[in-house]
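Asks: The UniProt record's numbering numbers the first residue of the sequence shown as 1 and each following residue consecutively.
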Amino acid sequence: MTISVVIPAYNEEKYLPQTLASLKKLSRTPDEIIVVNASSTDATKDVALRSGTKVITVKKSTIGYSRQVGLKAAKSEVIVFTDADVNIPSDWLTRMETYIQKPGVVGVFGGFRVPDGPWWYKIYINILQPVLNMVYFSILRIPMATGQNMAFYKEKALSVGGFPEEFRIAEDIEIARRLMRIGKIIFRQDFYVWASGRRGHEGFGRLIQRIFKAFFYYFVFRKADKVGFPDVR
Numbered sequence: 001m002t003i004s005v006v007i008p009a010y011n012e013e014k015y016l017p018q019t020l021a022s023l024k025k026l027s028r029t030p031d032e033i034i035v036v037n038a039s040s041t042d043a044t045k046d047v048a049l050r051s052g053t054k055v056i057t058v059k060k061s062t063i064g065y066s067r068q069v070g071l072k073a074a075k076s077e078v079i080v081f082t083d084a085d086v087n088i089p090s091d092w093l094t095r096m097e098t099y100i101q102k103p104g105v106v107g108v109f110g111g112f113r114v115p116d117g118p119w120w121y122k123i124y125i126n127i128l129q130p131v132l133n134m135v136y137f138s139i140l141r142i143p144m145a146t147g148q149n150m151a152f153y154k155e156k157a158l159s160v161g162g163f164p165e166e167f168r169i170a171e172d173i174e175i176a177r178r179l180m181r182i183g184k185i186i187f188r189q190d191f192y193v194w195a196s197g198r199r200g201h202e203g204f205g206r207l208i209q210r211i212f213k214a215f216f217y218y219f220v221f222r223k224a225d226k227v228g229f230p231d232v233r
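#1: With DSSP run on the structure shown, which of helix, strand or coil describes Glu171?
#2: What span of residues does the beta strand (DSSP E) with Glu32 cover, start to end?
#3: List, from N- to C-terminal side, the beta strand (DSSP E) runs of 3 residues or more that fit wholly inside the stretch 150 to 199.
#4: Using 8 Å for Cβ pairs, my map puts Val193 next to Val86. What's the rounded Cβ distance?
#5: Looking only at its own chain, which residues have a Cβ that is under 8 Å from the Cβ of Arg95, when we skip the five neighbours before and after it?
#6: Relative to the alpha-carbon of Ile125, which residue among Val114, Val135, Met134 has its alpha-carbon at the smallest distance?
#7: Figure out for me which residue from Ser51, Val131, Asn11 has the closest Cα to the Cα of Lys59.
#8: Expressed to the nearest angstrom, what Euclidean distance is found between the alpha-carbon atoms of Gln101 and Lys184?
#9: Could you tell me whether the Cβ atoms of Ile175 and Phe163 are closer together than 8 Å?
#10: Below 8 Å on the Cβ atoms is my contact criterion, and I expect Ile79 with Phe152 to pass it. Report the Cβ-Cβ distance as a whole number of Å.
#11: Classify Ala21: buried if its beta carbon has 16 or more other beta carbons within 10 angstroms, exposed otherwise.
#12: Tell me, please, which residues DSSP counts as bridged to Phe112.
#13: Just list the beta strand (DSSP E) runs in the UniProt domain "Glycosyltransferase 2-like" (4 to 124), keeping only unbroken ones of 3 residues or longer that don't cross its boundaries, in chain order.
#14: Would you call the stretch 105 to 124 in contact with the stretch 32 to 49, where contact means no fewer than 3 C-beta pairs closer than 8 Å?
#15: Near Pro130, which residues of its chain fall below 7 Å by C-beta distance, leaving aside the five closest residues on each side in sequence?
#16: Cβ atoms of Gln68 and Glu165: under 8 Å apart, would you say?
#17: Would you call Arg206 buried or exposed, if buried means 16 or more other Cβ atoms sit within 10 Å of its Cβ?
#18: Look at the Cβ atom of Lys122, then the Cβ atom of Gly197, and state whether they are nearer than 8 Å.
#19: Decide if Pro8 is buried, meaning its Cβ has at least 16 other Cβ atoms within 10 Å, or exposed.
#20: Going by the beta-carbon positions, is the gap between Ile169 and Ala84 smaller than 8 Å?
#21: Expressed to the nearest angstrom, what Euclidean distance is found between the alpha-carbon atoms of Phe221 and Leu128?
#22: Any idea what DSSP makes of Arg210, helix, strand or coil?
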């Protein structure tokens, strides 16, 4: 089995080196690493190239568009996605490979934790969110997938249309829901990566309001092209 790791990035020169370094320390290394550079105005592209990583530069658009470009460009049988501000455990791909080879499985989705950020944000992400996600999945059959930690067979993903290119948020949830229509997905909140807590600095009220508006629009209208997260550095 071959595995490609795809990382969308926009102005991530500060965090990307850590992500790429953690990928090189994995017990099972990827066969290909791709950074989809959304026309960054900083040194993101140079950071990726210096590490020997393949870079695809695209216009600055939506996260759904960047992920879809990476999905189509990746050459491996299994495509794994993470983000540019993530520190990855050494057994990440080993576990991912084990899960995705189970009978009937078309995709694997894990969670994320944050080591820093405001106290309320750490409580929400590290404690409350994993519980809520398992409730959504177990009872409502809604996979609250996270783009930092997901994998699927390329052919299966493309057969359901891949990522919605117009989505500014929830593109990860949408592809998980699409894959559920054609096979089994594994959704584990005890299988996580470490992400930056910088999103919490937006503030509690503003962040919760943004999440509520975005997911209301998505779950009611099945669209996510109006509301998204702002760029954070």
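Glycine included, every Cβ here is placed at the ideal spot set by N, Cα and C.
Fair warning: this is a prediction, and the values are worked out from it, not measured in the lab.
Replies: Checking against the coordinates, here is how it stands:
#1: helix
#2: 32 to 37
#3: 150 to 153, 184 to 195
#4: 5 Å
#5: Phe191
#6: Val114
#7: Asn11
#8: 11 Å
#9: yes
#10: 6 Å
#11: exposed
#12: Val193
#13: 32 to 37, 54 to 57, 78 to 81, 105 to 113
#14: no
#15: Gly111, Gln189
#16: yes
#17: exposed
#18: yes
#19: buried
#20: no
#21: 26 Å
#22: helix
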